[in-house]
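Written below as structure tokens is the structure these notes are about.
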Amino acid sequence: LILLAVAVLAIGAVVAAILSRGGEKTLRYTSAALCLLGLGVAGYVAIKVSSGGIPQCVGVGGGGGCETVEKSKYSELVGIHISFFGLLGYVLILGLSLWRDDRARVGAFIFALFGFGFSMYLTYLELWTIKAICQWCIASALLMTLLFITCTTRMLMYYCLLYTSPSPRDRTRSRMPSSA
Numbered sequence: 032l033i034l035l036a037v038a039v040l041a042i043g044a045v046v047a048a049i050l051s052r053g054g055e056k057t058l059r060y061t062s063a064a065l066c067l068l069g070l071g072v073a074g075y076v077a078i079k080v081s082s083g084g085i086p087q088c089v090g091v092g093g094g095g096g097c098e099t100v101e102k103s104k105y106s107e108l109v110g111i112h113i114s115f116f117g118l119l120g121y122v123l124i125l126g127l128s129l130w131r132d133d134r135a136r137v138g139a140f141i142f143a144l145f146g147f148g149f150s151m152y153l154t155y156l157e158l159w160t161i162k163a164i165c166q167w168c169i170a171s172a173l174l175m176t177l178l179f180i181t182c183t184t185r186m187l188m189y190y191c192l193l194y195t196s197p198s199p200r201d202r203t204r205s206r207m208p209s210s211a
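Residue numbers for the sequence shown follow our numbering, so the first one is 32 and each next one is one higher.
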């Protein structure tokens, strides 16, 4: 329920930024907030597994999904737990979201695209290979999806690839100096 509220707020912020045609700041702050939530999710999982524990799943598929996912061979990549890659990704996107620069927009988009793709791959593994669902993994995948939408919108708006028609008030104003 909380993630649904976060999703609605994030999508609302993206739509508001598009409609206002000047929502760079809104998109940067939305990205930063999503990154902080992602750091919370990935940080919780990283702390639990580093101390030898299993993240607690509550009421999802009987409650054993996190343990099954955690004990699978897919919970690590090159000997490093997946949650640490999540932490790194969220930190990088957070830094790029707070930085106002062309390179930051493109960088945030690239990292969010990679994070989104990797999250979709891991979700596929959960559903079809591991056959268990971890609520923390799904929460992170949802946050990364929202980050991808936000960072993509930020980049497209800045490069004028996502354009909304001007309001009637803007159409009556001319940006050219009068010749009188």
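Cβ atoms here follow ideal geometry from the backbone N, Cα and C, with glycine treated the same way.
Residue j beta carbon less than 7 Å from that of residue i
{"i": "Gly84", "j": "Ile164", "result": "no"}
{"i": "Leu158", "j": "Leu65", "result": "no"}
{"i": "Ser114", "j": "Ile161", "result": "no"}
{"i": "Ala143", "j": "Phe116", "result": "no"}
{"i": "Trp167", "j": "Val39", "result": "no"}
{"i": "Val72", "j": "Ala170", "result": "yes"}
Neighbour-count burial assignment, residue i, 16 or more Cβ in a 10 Å radius
{"i": "Arg136", "result": "buried"}
{"i": "Tyr190", "result": "exposed"}
{"i": "Val46", "result": "exposed"}
{"i": "Pro208", "result": "The predicted position of Pro208 is uncertain, since its pLDDT is 43 and thus under 50; a value taken from the coordinates is nonetheless stated next. Classification for Pro208: exposed."}
Nearest to residue i (by Cα), restricted to the options the options
{"i": "Glu107", "options": "Ser81, Gln87, Asp132, Val122", "result": "Ser81"}
{"i": "Leu123", "options": "Val37, Gly69, Lys104", "result": "Gly69"}
{"i": "Ala172", "options": "Cys182, Thr154, Thr57, Lys162", "result": "Thr154"}
{"i": "Gly43", "options": "Ile169, Phe149, Thr184", "result": "Thr184"}
{"i": "Thr120", "options": "Cys88, Gly146, Leu50, His112", "result": "At residue 120 the sequence reads Gly, which differs from the Thr that was named. The option with the nearest alpha carbon to Gly120 is Gly146."}
{"i": "Met186", "options": "Val100, Lys56, Ile33", "result": "Lys56"}
{"i": "Met175", "options": "Phe149, Met188, Asp133", "result": "Phe149"}
{"i": "Leu67", "options": "Leu118, Ser51, Tyr152", "result": "Leu118"}
Whether or not the stretch 120-134 and the stretch 46-65 are in contact is what I'm after, with contact meaning three or more pairs of Cβ atoms, one per stretch, closer than 8 Å; do they touch? They touch, by the three-pair rule.
Runs of alpha helix (DSSP H) wholly within the stretch 134-199 (minimum 4 residues, chain order): As far as the stretch 134-199 is concerned, its whole alpha helix (DSSP H) runs of at least 4 residues are 166-189.
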